[in-house]
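Quick note: this note's numbering has the sequence shown finishing at residue 272, numbered continuously throughout. Don't be surprised by glycine CBs; every beta carbon is placed ideally from N, CA and C.
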Amino acid sequence: MNTIDTLSEKIQNAKALDFGTIFSESIELFKKTWIQGFLLQLFTFIIMLPLIIVLYVPLIGLMVAQQESGYSDPETFSGFFASMSVLYIIFVVVGIFVLGAISVALNAAFFRIMKKLDFNEAVETSDFFYFIKGKYLSKLFVLMLVSVLIAIPAALLCYIPLIYAIVPLSYFALIFAFNPEFSVGEIVTASFKLGNKKWLISFGLIILASILSQIVGFLLCFIGILFTAAFVYHPTYLIYKHVVGFDNKPSIEEASTSTE
Numbered sequence: 013m014n015t016i017d018t019l020s021e022k023i024q025n026a027k028a029l030d031f032g033t034i035f036s037e038s039i040e041l042f043k044k045t046w047i048q049g050f051l052l053q054l055f056t057f058i059i060m061l062p063l064i065i066v067l068y069v070p071l072i073g074l075m076v077a078q079q080e081s082g083y084s085d086p087e088t089f090s091g092f093f094a095s096m097s098v099l100y101i102i103f104v105v106v107g108i109f110v111l112g113a114i115s116v117a118l119n120a121a122f123f124r125i126m127k128k129l130d131f132n133e134a135v136e137t138s139d140f141f142y143f144i145k146g147k148y149l150s151k152l153f154v155l156m157l158v159s160v161l162i163a164i165p166a167a168l169l170c171y172i173p174l175i176y177a178i179v180p181l182s183y184f185a186l187i188f189a190f191n192p193e194f195s196v197g198e199i200v201t202a203s204f205k206l207g208n209k210k211w212l213i214s215f216g217l218i219i220l221a222s223i224l225s226q227i228v229g230f231l232l233c234f235i236g237i238l239f240t241a242a243f244v245y246h247p248t249y250l251i252y253k254h255v256v257g258f259d260n261k262p263s264i265e266e267a268s269t270s271t272e
């Protein structure tokens, strides 16, 4: 089991990683995980569906009513938004954070599933719900708040700080997945340390993986995005694998050093 000190030491002593190697390994691993990646998108959509209904069904109903009457009044929409009560807005905001925490729990579970498939271990559909428990969701809820508190100020500062913050933020769920005993502060600290140490390769691989997953998804008649979207998680997982490693399984660097 990692402690924040041992994990920080591994990150600090990490050697340079090869961009092409990590990308090639990401493609090979994706060949094993694409079905689970599709299930991740499906479960995420199902989780977010109640919030979508609460947000959009009243608005859609208003639009349909105007179409049926044959009269469109722009002031109607202004009145609709103005009539939203404070309680309704609070309910929606809280709902976003709660469902967002569940979504992060699914992402964290997907990282665990990737590790199992990477090491040729058996996986089950129930593995997706490993972190959907009270003791984990409360921590993930706070982690969501921290993410927002970091992202919003970064976005307000002309987006340049947000470009930097994207990398550490992308490691939040990953660090939590393999170190759920860490406090929120330790998860944030470890994520920024790993993100800072491997920022350039992480940013490049995240952008490349995102672009490729979108392009391939569009080429597969848009529905393919459901199968390719999870590809973006593979490079960060492999960077963590190379730098930190797992319990009873040393990092790639440690394994190569021990054989020299």
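- Scanning F122, I162, L111 for the CA closest to the CA of L149 turns up L111.
- For the 8 angstroms CB-CB criterion, L51 and A202 do not form a contact.
- The beta carbon of E37 sits closer than 7 angstroms to those of L250, all from its chain and outside the five residues before and after it, given in chain order.
- In chain order, P173, L174, A177 place their CB closer than 7 angstroms to the CB of A166, counting only its own chain and leaving out the 5 sequence neighbours on each side.
- CA-CA distance, G32 to V104, rounds to 43 angstroms.
- The residue among P247, F258, D259 with its C-alpha nearest the C-alpha of L29 is P247.
- In this structure, the CA atom of C233 is about 28 angstroms from the CA atom of I34.
- Put simply, the backbone Cα of F194 is about 16 angstroms away from that of Y252.
- Within a 10 Å sphere around the beta-carbon of M156 sit 16 or more other beta-carbons, which makes this residue buried.
- Between G107 and L63, the CB-CB gap stays under 8 angstroms.
- Around G207, the same chain offers V179, P180, Y183, S214 as residues with beta carbons nearer than 7 angstroms, after the five sequence neighbours per side are excluded.
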